[in-house]
Amino acid sequence: MKRNQLKIFSLFVFIFFFVWMFFSGCLSPLPKHTNQKNQKVNLLDTILKQKKIIALTDYGASNFFIYKGQTMGYQYNLLQHFAKWLGVSVDLRIQENLDTAISLLQQGKVDLLAMGLTVTSQRMKNLAFTHPLFYTRQVLVQRKPKGYKKMKTADEINKYLIRNPMELAGKTVYVQKGTIFYSHLLDMQNQIADTIHIIQDTLDTESLIKAVANGKINYTVADEIVARVAAKIYPNLDVNTPLSFDQKIAWAVRKDQKPLLDTINRWLSKFNRTLQSRLLYNKYFKNMATKSISIAKYWSFKGGHLSPYDSEIKLAAQKLGWDWRLLAAIIYQESGFKKNQRSWVGAYGLMQLMPEAMKNYNITVNSSPKEQILAGVKLLKSIEKKLPDSITGINRIKFTLAAYNGGISHIMDARALAKKYGKNPDIWNNNVDYYVLHLSEKHFYHDPVVKNGYMRGWETYKFVKDIMKRYNNYKKLIKPDKNKKVRHKK
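Now the structure itself:
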């Protein structure tokens, strides 16, 4: 009996010990690595607590740029709308390399990729995408044939253009390295059962488009919305051959951040139905216009007058110390002498002052032409004073014009590039103007000496060139004031 009792007792002790070990194991703290590595962090709570969202984008005509001193861009403005709705500020950071951007997101060093990414199944393995911001498709960017302006019909032009992807066989197409354009062309190559010579270039898409326009390469691929904006800048481009179906363009967050993703989607669902959303899209992708042909050509009233405001222009030019015909050339370039002219970026009036400048000089829609012109002259004088004394003569005027159009910070960046690459930073033609023209290219706007990033440099380059050309024409047709000395030196 004792023996049986001993067996029962031993069994009881074993069961007790097993149960104790089981429950003590369950109730003990989680392993250290589980707490630190596997516990999910609610990024939305952190953003709301710190009242700041860290977003990543890159410079570009549709992402983020600075124009006449004002920060702009579709992604930038859209992000500002979201941040305002959420009640937080934006810490915007720039990253040129998409692979690096994705890595920074996954490491938790940024909260959001606000770069207008194309949604693909491959990317969805690593990223969580928001609802689409909009839809676009890939198109072929090619040059129109020589003499296209004289061709009477579209059919006549189309004879020289690729209209069917099958015609890409044997052609060389350049695409930006790291974009989905490369993989899509590989798929297309298989579909047409022929070779497409695909070259992945370190240049960004906008620079490749420019290379097509300038005849350096024959073909590239771009999102249609980007290509159509470029076609307004370069009229010799054709962007009407689609290479894909419509694709989603969206922002991205980490896959484990569903609360943040849901919040962005909830805002987008509301915002995309608003007039504000449509106006924002149209501003950057439909109404972003270059100057019309009428403004690009010489124009003058008969009888030796340039505008209805000649007397006001002459008085204002005296305060600046410039030839009044030069000031008139600026005004015509900016507004075509239309006192109520408003541009796609919100610049207003004869001198096309940006909203911040209008505020600084007390200009409203009710200001007279005289007040508008005087405010523009004050702005020109303030810019000129910021230029180094080493810039003199006609160069000082050209630098002032460039800064008036593109912002003095960008012009200083171009001077820094000129100095770095052995050019004269005090000379405009064939020196600083080259770097202004190319500040829309990543190789230059990501250079360490550049402090203000991407610039729509072709506009500023053309602005200075067109004004000086018009000014020279005005000098031929309109006699100068006899008693007025023109100052070209500081």
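Under the working numbering, the sequence shown has 84 at position 8, and the numbering climbs by one with no breaks. Where is the CB? At the ideal position from N, CA and C, for every residue including glycine. Bear in mind the structure is a predicted one, so any value in this text is a computation, not a measurement.
Query - Cβ-Cβ separation, TRP534 to ILE309 (assumed contact under 8 angstroms), whole Å - result: If you number the sequence shown from 1, residue 309 lands on position 233. If you number the sequence shown from 1, residue 534 lands on position 458. So it is a contact: roughly 7 angstroms between Cβ atoms.
Query - Member of TYR511, ALA479, ALA478, ILE484 whose CA lies at the smallest distance from the CA of ALA494 - result: Numbered from 1 along the sequence shown, position 418 holds the residue referred to as residue 494. Of the candidates TYR511, ALA479, ALA478, ILE484, the one whose C-alpha sits nearest the C-alpha of ALA494 is TYR511.
**Report entry** Length at least 4, wholly inside the stretch 297-381: the alpha helix (DSSP H) runs in chain order
**Finding:** 300-309, 334-347, 351-361, 369-372
Query - Cβ-Cβ separation, VAL217 to ILE285 (assumed contact under 8 angstroms), whole Å - result: As a first step, residue 285 is located in the sequence shown; it is residue number 209 there, counting from the start. As a first step, residue 217 is located in the sequence shown; it is residue number 141 there, counting from the start. Right, their Cβ atoms sit about 5 angstroms apart.
**Report entry** Whole alpha helix (DSSP H) elements within the stretch 249-302, 4-residue minimum
**Finding:** 256-268, 281-289
Report task. Out of ASP280, LEU244, VAL288, point me to the one whose CA is closest to ILE274's CA. Result -> Taking the first residue of the sequence shown as position 1, residue 274 is located at position 198. The candidate whose alpha carbon is nearest that of ILE274 is LEU244.
Query raised in the report: Excluding five sequence neighbours on each side, which residues of the same chain lie with their C-beta closer than 8 angstroms to the C-beta of ILE170?
Result: On the sequence shown, residue 170 is found 94 positions in, with the first residue counted as 1. Contacts found: LEU132, THR133, ASP134, TYR135, PHE140, GLY529.
Requested in this report: Could you round the C-beta distance between TYR480 and ILE325 to whole angstroms and report it? I think they count as a contact, below 8 angstroms.
Outcome: For the purposes of this step, residue 480 is taken as the residue at position 404 of the sequence shown. For the purposes of this step, residue 325 is taken as the residue at position 249 of the sequence shown. Actually they do not touch by this definition, with Cβ atoms about 34 angstroms apart.
Query raised in the report: Considering only the beta carbon of each residue, do LEU337 and THR468 sit closer than 8 angstroms?
Result: In the sequence shown, the residue the question calls residue 337 occupies position 261. In the sequence shown, the residue the question calls residue 468 occupies position 392. Not in contact: LEU337 and THR468 (Cβ atoms no closer than 8 angstroms).
Query raised in the report: Looking only at its own chain, which residues have a Cβ that is under 6 angstroms from the Cβ of GLN265, when we skip the five neighbours before and after it?
Result: Position 189 of the sequence shown, counting from 1, holds the residue named residue 265. Excluding positions up to five away in sequence, the list reads ILE272.
Requested in this report: Assuming LYS395 and GLN448 form a contact by the criterion Cβ under 8 angstroms, report the distance between their Cβ atoms to the nearest whole angstrom.
Outcome: Reading the sequence shown from its first residue, position 319 is the one you call residue 395. Reading the sequence shown from its first residue, position 372 is the one you call residue 448. Rounded, the Cβ-Cβ distance is 14 angstroms, inconsistent with contact.
Query raised in the report: THR176 lies in the alpha helix (DSSP H); which residues open and close that run?
Result: Along the sequence shown, one-based indexing puts residue 176 at 100. Per DSSP, THR176 belongs to the alpha helix (DSSP H) from 174-182.
Query raised in the report: Can you find a heavy atom of the ligand FMN that lies under 7 angstroms from the Cβ of ASN438?
Result: Ligands in the displayed structure: none, and consequently the ligand FMN is not present.
Requested in this report: Closer than 8 angstroms by C-beta to ILE543: which residues in its own chain qualify, once you throw out the five before and the five after it? Chain order, please.
Outcome: Position 467 of the sequence shown, counted from the start, is the residue given in the question as residue 543. Cβ neighbours of ILE543 beyond the five flanking positions: LEU402, ALA405, ILE406, GLN409, LEU477.
Query raised in the report: Which word fits GLY291, buried or exposed, when buried means at least 16 other C-beta atoms lie within 10 angstroms of its C-beta?
Result: As a working mapping, residue 291 is identified with position 215 in the sequence shown. Exposed, by the Cβ-count rule.
Query - Where ASP167 sits in the DSSP three-state scheme - result: By 1-based counting over the sequence shown, the position of residue 167 is 91. DSSP places ASP167 in strand when its eight states are reduced to three.
**Report entry** CA-to-CA distance, SER443 to ASN173, given in whole angstroms
**Finding:** Residue mapping note: residue 173 aligns to position 97 of the sequence shown, counting from 1. Residue mapping note: residue 443 aligns to position 367 of the sequence shown, counting from 1. In a straight line, the C-alpha of ASN173 is about 46 angstroms away from that of SER443.
**Report entry** Cα-Cα separation between GLY163 and GLN126, rounded to whole angstroms
**Finding:** Here residue 163 is taken as the residue at index 87 of the sequence shown, counted from 1. Here residue 126 is taken as the residue at index 50 of the sequence shown, counted from 1. Cα to Cα, the separation comes out at about 11 angstroms.
Query raised in the report: Around the C-beta of TRP420, are 16 or more other C-beta atoms found within 10 angstroms, so that it is buried, or is it exposed?
Result: Position 344 of the sequence shown, counted from the first residue, corresponds to residue 420. It counts as exposed.
Report task. Compare the beta carbon distance of TYR360 and TYR521 with 8 angstroms and say whether it is the shorter of the two. Result -> To locate residue 360, count along the sequence shown from 1; it is residue 284. To locate residue 521, count along the sequence shown from 1; it is residue 445. No. Outside cutoff.
Report task. Identify the continuous alpha helix (DSSP H) that holds ARG401 and give its terminal residues. Result -> Stepping through the sequence shown from its first residue, residue 401 is reached at position 325. Taken as a continuous stretch (DSSP letters only), the alpha helix (DSSP H) holding ARG401 covers 400-411.
Report task. Drop a sphere of 10 angstroms on the beta-carbon of PHE158, count the other beta-carbons inside from all chains shown, and report buried for 16 or more, exposed for fewer. Result -> Taking the first residue of the sequence shown as position 1, residue 158 is located at position 82. PHE158 should be labelled buried.
**Report entry** Cα-Cα separation, SER165 to MET191
**Finding:** Translated into the one-based positions of the sequence shown, residue 165 becomes position 89. Translated into the one-based positions of the sequence shown, residue 191 becomes position 115. C-alpha separation (whole angstroms): 18 angstroms.
Requested in this report: Assign HIS381 to one of two classes, buried (16 or more other C-beta atoms within 10 Å of its C-beta) or exposed (fewer than that).
Outcome: Position 305 of the sequence shown, counted from the start, is the residue given in the question as residue 381. Counting Cβ neighbours within 10 Å, HIS381 comes out exposed, since fewer than 16 surround it.
Requested in this report: Identify whether ARG472 lies in helix, strand or coil by the three-state DSSP scheme.
Outcome: Counted from its first residue, the sequence shown places residue 472 at position 396. Helix, per DSSP.
Requested in this report: Quickly, what does DSSP pair GLY482 with across the bridge? List them, please.
Outcome: One-based indexing of the sequence shown puts residue 482 at position 406. None, per the DSSP bridge assignment.
Query raised in the report: When the Cα atoms are used, what is the spatial distance from ASN436 to PRO445?
Result: If you number the sequence shown from 1, residue 436 lands on position 360. If you number the sequence shown from 1, residue 445 lands on position 369. Taking the straight line joining both Cα atoms gives about 17 angstroms.
**Report entry** Three-state secondary structure assigned by DSSP to VAL540
**Finding:** Position 464 of the sequence shown, counting from 1, holds the residue named residue 540. Three-state DSSP puts VAL540 in a helix.
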